[in-house]
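Undergrad: So that we are looking at the same thing, I have put the structure below in structure tokens.
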Amino acid sequence: MIDDGDLHNFPLESECKRAGIDCILIKKYPKGVVSSRNFGAQIAKGEILFFLEDDIVLLPNFFDEILKVYEIYDSEEIGGVGGVSISKRKKSLEYVLLRMYFILFLLSGLRPGRVSFSGFDIMDFDDIHFPRKGIYEVNSLPGGIASYKKKVFDEFKFSLEFQDESGYALGEDKEFSYRVSRKYRLLVTTYAKVHHLKETKIGFGTAWKKGFLFVTSRYKFFRKHIPKSKLPFFAYSLLGYFLWRTLMMVSLGNKSEVKRIKGFLAGVRKIVKV
């Protein structure tokens, strides 16, 4: 565990030891999720490195299914393999309309796990988005349900450009995996599943920041990887996202959504000045 905070002990240390899991707690300064990811990858000793969020519950066969893909595609071309979240939604009319809306505004690619030519892909890696069970080739992986070969980190690092002054980051996982996909194949297997224990509400204090970083992080991604001639499409996608979040704000009547919209607009003002 890489700790850049004020932990004094390894959480669940006794439980891990009873399960035969070695626990190593390493202090790191300064703070930052991106630098922690890079540091963890640097000191890890395994051939396959897993990046998992702390609010997911793995199904018992998760690791076996991921490793099985590496065995099936025993090739130097494979750089990473990801899994999917078990969706709580059904393929209802509402889902179909939202999916069509995202595609219309280039907020999502036609195929799951693919960045659109505007630089956006906001669809979650839920099993509902993949039409059939199987293994899919993608050009981005989710930050919290992903694995990479150790050797990938000899060439690539998570970009500190996506980390703010407080150490919070957004979009660094997508940008990293997109860069990796330029050289290695990235795959997602729908057989490796997790339950994602998502919060029902955004914390009031973080909603503004999430709205702000949604814009600025995607603009950074666009500048690094998408031709400048596609800028009108990027703006078009921003408009589509703004309209969708505004509808969410009105329908939910949630103060956090108001904060998110304000953060979004502040982010737009910032990139316009760049």
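Be aware that the sequence shown starts at 28, since it is given in the numbering used here, and climbs by one per residue.
Ideal placement from N, C-alpha and C gives every residue a C-beta, glycine not left out.
With H, G and I counted as helix, E and B as strand and the rest as coil, what does DSSP make of L240?
TA: helix
Undergrad: Find the nearest neighbour of F147 within the set S112, F157, L131, judged by alpha-carbon distance.
TA: L131
Undergrad: Under 8 Å by Cβ, that's how I've got K247 and V111 pegged, so tell me the actual separation to the nearest angstrom.
TA: Between V111 and K247 the Cβ distance is about 26 Å, and since that is not below 8 Å, they are no contact.
Undergrad: From this set, L79, R272, I113, H223, which residue's C-alpha is nearest K160's C-alpha?
TA: Here the closest residue by C-alpha is I113.
Undergrad: Helix, strand or coil, according to DSSP, for D31 in the structure here?
TA: coil
Undergrad: If you compare alpha carbons, which of K177, A196, R209, L258 is closest to F144?
TA: L258
Undergrad: Run through DSSP, which three-state label would L187 get?
TA: Looking at L187 - three-state DSSP - the assignment turns out to be helix.
Undergrad: Quick check on R212: does DSSP put it in helix, strand or coil?
TA: strand
Undergrad: Give a yes or no on whether the C-beta atoms belonging to H156 and P139 are separated by under 7 Å.
TA: yes
Undergrad: Taking only the alpha-carbon atoms, compute the straight-line gap between A262 and S204 and give it to the nearest angstrom.
TA: 23 Å
Undergrad: Based on Cα-Cα distance, which residue from Y175, G198, Y218, K177 lies nearest to P158?
TA: Y218
Undergrad: Is it true that the CB of K58 sits closer than 7 Å to the CB of G194?
TA: Contact flag set, yes.
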